[in-house]
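Numbering (my numbering), first residue to last: 4 to 435.
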């Protein structure tokens, strides 16, 4: 029995032309959930908590705007891949050599610094829950766990693990928001776009920064791994993307609620970076008991570890495609796919060289370069998508409509402003 576009197994069916093979179907667990889960990490959770504790629900509209912007960006990356059969790197390369000169150094430096950051983030809650090992040991174990899962696993396994981690994140954080009892009248008022005094940077961060990482560009690679490779999958891809980011939006709103109702009421200032979540777990232990505080730490770990395996898989695919093209091997060559030698090289690069930073701390020159290149990536993605989706590189039926151009233009402008702010922050140590 069917009803509309739904079948009894709750799969949304996209129309297919006669003779095109199996009818494309959408499931809740798909590449969209993977890219959304990978993009939201512990640092995003802290940023949202701090915004909620300082401004209450006044920036709720910025969270919703951020979800819409991510849907637009990821849909653009997915649409380019399905419409052309090419990877996003092949598209960037068609825009000129300048894209390669930026992306090559960026992905190497980003992987080196991010690897250490991600491992430390996943280790923090484990070190708090199980202090039998010091933080660096837990960080190394998290890196090795991510390496092993991605090295030996295939996409279907990786997707299932991500779904479990997302479930843990969602239950713990949304459950905590329910326990905290949100103020619904204030939430409704927060839908009106205003920027509170001193809240410009937090507004930009919530609208553009939360979930905005290099992994957005990995969406097309995960579509390929899933087997969604032609325009027949366009409708399914769009549903997959929207549903995933709606779930992400609910997660971020829940963190905003916790910031407004729990952190603000406790009158504490969260520590910078991921350690702010440990501060919150202490407050939760005192206010709601050990069970709630421990549950939150488990959700913290799930968010951090989902970012590890997402980056270890998705960004390794991006690097493999980049280096394969540099070596004259077309996208789709075995060396550029999951399990290929370029893919495995970057997996090792993310894991082992990054561990050096546990000993060295944060070398100022390296962190400066990472900050500068990182600030440019989201503007780079938005601007290049405008170039790729408006010309002859894409079949006419799949080019941008005027409203898509407006949305991508807003994305580009927002990320340029946010990127300039990040550049200033990154370069500040040079000027004392």
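Using N, Cα and C, we set each Cβ at its ideal position, and we do this for glycine too.
Keep in mind it's a predicted model, so treat the numbers as computed, not measured.
Residue range 293 to 329 is occupied by the alpha helix (DSSP H) that includes residue 310. Take residue 51, set aside five residues on each side of it, and the residues of its chain with a beta-carbon closer than 6 Å to its own are 255, 258 and 259, in chain order. By the criterion of a C-beta distance shorter than 7 Å, residue 240 is surrounded in its chain by 81, 85, 226 and 231, once the five residues flanking it on both sides are discounted.
Counting along the chain, the unbroken alpha helix (DSSP H) around residue 206 starts and ends at 203 to 207.
Non-local beta-carbon contacts of residue 206 in its own chain, meaning distances under 7 Å to residues more than five positions away in sequence, involve 62, 65 and 198 in chain order.
The shortest CA-to-CA distance from residue 56 to any of 42, 130, 272 and 237 is the one to 272. One Cα belongs to residue 150, the other to residue 312, and the distance between them is close to 8 Å. Unbroken alpha helix (DSSP H) runs of no fewer than 4 residues, entirely contained in the stretch 36 to 108, are found at 45 to 58, 63 to 87 and 91 to 97, following chain order.
Taking C-beta atoms as the reference points, residue 300 and residue 310 fail to come closer than 7 Å. Taking C-beta atoms as the reference points, residue 77 and residue 222 count as a pair closer than 7 Å.
With a cut-off of 8 Å on Cβ pairs, the stretch 137 to 149 is not in contact with the stretch 377 to 386, counting fewer than three such pairs. Take residue 98, set aside five residues on each side of it, and the residues of its chain with a beta-carbon closer than 8 Å to its own are 387, 390 and 391, in chain order. As for any alpha helix (DSSP H) of minimum length 4 sitting wholly inside the stretch 206 to 252, the runs are 222 to 229, ordered along the chain. Contact between residue 102 and residue 96 is confirmed by a C-beta separation of about 6 Å, below the 8 Å threshold.
Annotated as proximal: residue 94 and residue 83, with beta-carbon spacing under 7 Å. Look at the stretch 138 to 171 and you find these whole runs of alpha helix (DSSP H), each 4 residues long or longer: 138 to 155. About 15 Å separates the beta carbon of residue 307 from that of residue 39, a gap too long to meet the 8 Å contact definition. According to the DSSP assignment, residue 431 belongs to no alpha helix (DSSP H), since it is labelled neither H nor E.
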